[in-house]
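What follows is a short report on a single structure.
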Amino acid sequence: MRTPTEPALIPYITQREGEEPAPNNLVIYRQGSGLRLYYRDEDPRDRDLRGTLWARCGFTPVDERKQPTGAPQWKLMHPHRQLATMQMMRCQVCTEPARTLLGYIFLAGPNDQSPNEQSVLTNQPPVCPRHARAAAKLCPHLTQNPVVFLAQSAPLYGVHGTLYGLNNKGVHVVAQPDSPLPYGHPNLDTFLASQLVRRLAAFRVVDLEELLRELRLAA
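Set out below in structure tokens:
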């Protein structure tokens, strides 16, 4: 039982109350290769390692544990914390390195993926063994009954987000695709990303408790 002074466990990637989207100051410029989306006051931190523009979002102050503060918005992932953990393959709950002796643990909702697919796309950062159960319990999307993937390989695939265009009224939203755009797609030049996506190519589907037992034996 949690004591009154014990902090609640909230995954690092969870967006908090007060972390609101930044004001929209997007512009599109014509270049030799076509149109490209920018912020008016852009700096290098606004783009990921592949050069894709990233959605801005506020940050609440951190506590003594260097964790974000504010009431959790359980259904939302903070775009930059999702990017950081997914890019560096860190646990979405505690930010420690997520690699285990057997591979990386990824969780998906029971209706998200078919376990029989040869390649799986995910926007959920990995979890470490210590927090795998907690992530499954806390994330509403996983409904406490996740599909568990143990992956040996999970290369970057692309991004979820919003496609913008330019007309006589200025910058406007064109579409919010259901599927992620792969890196290299021509529409990424005018795309504002909000979630990084990896492709699980070498993986097996496992039972969570069985996997945790395997990890204890391998340690």
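In my numbering, each residue carries its 1-based index in the sequence shown increased by 16.
For glycine and all other residues, C-beta sits at the position ideal for the given N, C-alpha and C.
If the criterion is Cβ atoms closer than 9 Å, does the pair residue i and residue j meet it?
i	j	result
Phe165	Val109	no
Leu123	Ala152	yes
Val163	Val213	no
Pro84	Tyr28	yes
Gln98	Gln211	yes
Gln168	Ala234	no
Val136	Arg215	yes
Pro39	Cys73	no
Can you check whether the C-beta of residue i is within less than 9 Å of a C-beta belonging to chain B?
i	result
Ala124	Of the chains in the structure shown, none is chain B; there is only one protein chain.
Nearest by alpha-carbon distance to residue i: which of the options is it?
i	options	result
Leu92	Pro39, Gly119, Arg229 and Gln140	Gln140
Arg220	Glu133, Ala24 and Pro39	Glu133
Ala114	Trp90, Ala38 and His147	His147
Thr138	Ile121, Pro145 and His201	Ile121
Arg229	Asn161, Ala191, Leu118 and His188	Leu118
Pro145	Gly125, Asn161 and Arg106	Arg106
Leu53	Ala87, Lys82 and Gly186	Gly186
Ala87	Thr30, Ala234, Ala38 and Gly177	Thr30
Ser49	Leu216, Asp62 and Pro202	Pro202
Lys82	Leu158, Thr111 and Tyr199	Thr111
Val190	His157, Arg32, Gly177 and Tyr199	Gly177
Leu224	Glu80, Glu58 and Asn161	Asn161
Asp79	Pro60, Arg32 and Pro193	Arg32
Asp194	Pro156, Asp128 and Arg56	Asp128
Would you grab the beta carbon distance between residue i and residue j for me? Rounded to a whole angstrom, and I think it's under 8 Å.
i	j	result
Glu35	Thr101	Glu35 to Thr101, Cβ: 16 Å. No contact.
Pro142	Tyr173	14 Å between Cβ atoms; not a contact.
Ala150	Leu25	6 Å
Leu154	Gln103	Contact doesn't hold; Cβ gap of about 22 Å is too wide.
Leu158	Gly125	5 Å
Check the DSSP bridge columns for residue i and list the partner residues they point to.
i	result
Ser195	None; Ser195 has no bridge partner.
His176	Gln211
Ser49	DSSP, once it has assigned bridges, lists no residue as partnering Ser49.
Arg32	Pro88
Met93	Thr30
Pro113	Arg106
His188	Gly181
Arg63	Leu69
Arg81	According to DSSP, which records beta bridges pairwise, Arg81 is partnered with nothing at all.
Gly119	Thr116
Could you check if residue i belongs to the surroundings of the ligand NAD, using beta carbon to heavy atom distance under 8 Å?
i	result
Pro37	By its list of ligands, the structure shown contains no ligand whatsoever, and the ligand NAD lies outside what it can speak to.
Inter-stretch contact at 8 Å, needing at least 3 Cβ pairs: the region 169-188 / the region 38-54: yes
Validate contact between the region 192-208 and the region 53-69 using beta carbons, cut 8 Å, 3 pairs: yes
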